[in-house]
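What follows is a short report on a single structure.
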Amino acid sequence: LKQQLRQWDNTYGFLDADFRVQQVDVYPDQKAADIQLTFDTGSRYQLDDVVIEQQPEFMNPLFLRRLVGLKSGQYLHNQDLIDVRRRLVSSQYFGNISVTFGEKNTADATVPVLVKLTPGYRIDYSVGLGFTTDTGARSTFEYQHHRLNERGFQLSTKLQLAEVNKEFIARMKFPSLSNPDEKWYQTEMGYRQENNDVYEANTTKFGVSQTRLQSDQWQNINFIDLLQEDYTFGDKKGSTQLLIPGTGWTYQRVDDPLNPRYGFKAQMDFKLASESLLSDMSMVQISGRVKSILPIAKTDRLILRAEIGTTATSDFDQLPASYRYFAGGDQSVRGFDYKNLSPRNKEGELVGGKHLAVVSVEYEHRLNDKYALAVFADGGNAFTNEFEVATGVGIGFRWFSPIGPLRVDLGVPVSDADHNFRIHLSLGPDL
143 LKQQLRQWDN TYGFLDADFR VQQVDVYPDQ KAADIQLTFD TGSRYQLDDV VIEQQPEFMN
203 PLFLRRLVGL KSGQYLHNQD LIDVRRRLVS SQYFGNISVT FGEKNTADAT VPVLVKLTPG
263 YRIDYSVGLG FTTDTGARST FEYQHHRLNE RGFQLSTKLQ LAEVNKEFIA RMKFPSLSNP
323 DEKWYQTEMG YRQENNDVYE ANTTKFGVSQ TRLQSDQWQN INFIDLLQED YTFGDKKGST
383 QLLIPGTGWT YQRVDDPLNP RYGFKAQMDF KLASESLLSD MSMVQISGRV KSILPIAKTD
443 RLILRAEIGT TATSDFDQLP ASYRYFAGGD QSVRGFDYKN LSPRNKEGEL VGGKHLAVVS
503 VEYEHRLNDK YALAVFADGG NAFTNEFEVA TGVGIGFRWF SPIGPLRVDL GVPVSDADHN
563 FRIHLSLGPD L
């Protein structure tokens, strides 16, 4: 009890709290005891001031104060200091970070917070190698400039080369001066080339967006994308320009981002385009994805996944390949090749669909801390008119590596007459 009270007063800013009376009277004959504790909390301390020290001065003082986020007069809470440090670390601006209480003023029950900062590395380079059965071997090259100026502008570029697709993206991030940790703006320029078994597409895109963190779980992004896509399905070629405003919402709750025992993630996107506004066609597209990880018994997990999408368009033939729906692959209906499920044209070629519906159920049995076995059943399809469910079932092996689980699945397409199995290999977090 005493330890709990001590922890409570330190957590909530009762810095002068103390036990005024600590008395124990023992009665051996009666096998009893009286315990008397008098705990005086004293005054709850408030924040006097936030003193920010830069060595040397390298960031805008007003921007830093907004990033720290503490205000004079607010009651102290240890979690506030933890949150300050988290914000400073995640910003990637700083090297050494110190966040501590200063000397308390007992007369008016106030205490300052001292923040000491040194600059971190401004530029990072990274190289990565990977492999999935959907896109084949890939290499990734990234460049990040964490601090372009004293207002915290950031630049990042990424080049990814895979067997199926090649992509280059450059982004500029502009944190909001009013609330830099929870609101920022971004410009993006990119080029993507995809050549899979179904289609070829070359896409050039320029976009602007605003991102807001509504809470630790909720994120909202509003965006406008201008894209030009040249695409080929079989012998048919097309070219489409679209100006696409849209919005997206993401909710995520997880106990461990790398290897969750419990987790839930939901995403919803809304996009539209109009022939009257710099677009070759009109469309409205809504898509949603949900994934849930539920603990079973002591170590097992049940993993549920669903994805839906629908499109209303004035001319489906002009809808770019990247905005058509396909199913099949590591993250869709296992047992089928990547993007190998969709409606076909008169020549029997896959052309994508207006709508999508996919569900998955997976049970994972943990063998030990590093390995697990899984069984799964996936079902769904991309479609335009009639919905025909394609079903795949199989077994899998999991290795929980330091960078996330490595998944090896053997899927059998139950609804395919050939029943040829397919091996799926993927690496990365479950959510």
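In the numbering used here, the protein residues as written are 143 to 573.
Where is the CB? At the ideal position from N, CA and C, for every residue including glycine.
Note that the coordinates shown come from a computational prediction; the quantities given were computed from them, not determined experimentally.
Beta-carbon proximity of residue i to residue j, cut-off 9 Å
i: residue 507; j: residue 499; result: no
i: residue 260; j: residue 272; result: no
i: residue 490; j: residue 525; result: no
i: residue 249; j: residue 158; result: no
i: residue 262; j: residue 236; result: yes
i: residue 421; j: residue 473; result: no
i: residue 315; j: residue 302; result: no
i: residue 379; j: residue 335; result: no
i: residue 292; j: residue 205; result: yes
i: residue 538; j: residue 518; result: yes
i: residue 408; j: residue 393; result: yes
i: residue 435; j: residue 446; result: yes
i: residue 545; j: residue 275; result: no
i: residue 278; j: residue 304; result: yes
i: residue 475; j: residue 430; result: no
i: residue 176; j: residue 166; result: yes
Residue i - DSSP class collapsed to helix/strand/coil
i: residue 220; result: helix
i: residue 285; result: strand
i: residue 345; result: strand
i: residue 154; result: helix
i: residue 225; result: helix
i: residue 205; result: helix
i: residue 397; result: coil
i: residue 233; result: helix
i: residue 192; result: strand
i: residue 432; result: strand
i: residue 160; result: strand
i: residue 210; result: helix
i: residue 458; result: helix
i: residue 524; result: strand
i: residue 351; result: strand
Residue closest to residue i, alpha-carbon to alpha-carbon, out of the options
i: residue 338; options: 503, 570, 470 and 556; result: 470
i: residue 331; options: 300, 210 and 412; result: 300
i: residue 219; options: 373, 186 and 145; result: 186
i: residue 561; options: 569, 567 and 552; result: 552
i: residue 432; options: 501, 463, 464 and 388; result: 501
i: residue 439; options: 231, 403, 202 and 569; result: 403
i: residue 441; options: 539, 503, 398 and 510; result: 510
i: residue 374; options: 399, 341, 391 and 146; result: 341
i: residue 298; options: 305, 285 and 475; result: 285
i: residue 104; options: 258, 280 and 274; result: This structure cannot speak to residue 104, because the chain is shown only from 143 to 573.
i: residue 425; options: 308, 457 and 543; result: 457
i: residue 369; options: 363, 350, 566 and 453; result: 350
i: residue 344; options: 313, 166, 356 and 306; result: 306
i: residue 483; options: 196, 557 and 434; result: 557
i: residue 241; options: 247, 233 and 228; result: 228
i: residue 467; options: 460, 256, 325 and 493; result: 493
i: residue 196; options: 176, 256, 181 and 390; result: 256
i: residue 444; options: 318, 193, 572 and 288; result: 572
i: residue 427; options: 320, 462, 568 and 396; result: 462
i: residue 400; options: 547, 320 and 505; result: 547
i: residue 244; options: 485, 238, 223 and 234; result: 223
Whole-number beta carbon distance between residue j and residue i, since they are thought to touch under 8 Å
i: residue 535; j: residue 554; result: 6 Å
i: residue 523; j: residue 532; result: 5 Å
i: residue 333; j: residue 365; result: Their Cβ separation, rounded to whole angstroms, is 18 Å, which puts residue 333 and residue 365 out of contact at 8 Å.
i: residue 347; j: residue 367; result: 6 Å
i: residue 353; j: residue 359; result: Not confirmed; about 15 Å, so no contact.
i: residue 163; j: residue 145; result: Going by Cβ atoms, the distance from residue 163 to residue 145 rounds to 17 Å, so no, they are not a contact pair.
i: residue 209; j: residue 322; result: 5 Å
i: residue 264; j: residue 289; result: 5 Å
i: residue 405; j: residue 396; result: 4 Å
Terminal residues of the alpha helix (DSSP H) in which residue i lies
i: residue 198; result: It is not in any alpha helix (DSSP H) - residue 198 carries neither H nor E in the DSSP assignment.
First and last residue of the uninterrupted beta strand (DSSP E) at residue i
i: residue 173; result: Looking at the DSSP string, residue 173 is not in any beta strand (DSSP E), and its letter there is neither H nor E.
i: residue 366; result: 360-375
i: residue 619; result: One cannot answer for residue 619 here, as it falls past the ends of the chain, which runs 143 to 573.
i: residue 546; result: 546-555
i: residue 423; result: Segment: none, residue 423 is in no beta strand (DSSP E) and carries neither H nor E.
i: residue 310; result: 307-317
i: residue 254; result: 252-261
i: residue 413; result: 405-415
i: residue 538; result: 532-543
i: residue 274; result: 265-274
i: residue 325; result: 325-337
i: residue 561; result: Here residue 561 belongs to no beta strand (DSSP E), and DSSP marks it neither H nor E.
i: residue 576; result: The question about residue 576 has no answer here: the residues shown for the chain are numbered 143 through 573.
i: residue 298; result: 296-304
Any non-hydrogen atom of the ligand HEM closer than 8 Å to residue i Cβ
i: residue 410; result: By its list of ligands, the structure shown contains no ligand whatsoever, and the ligand HEM lies outside what it can speak to.
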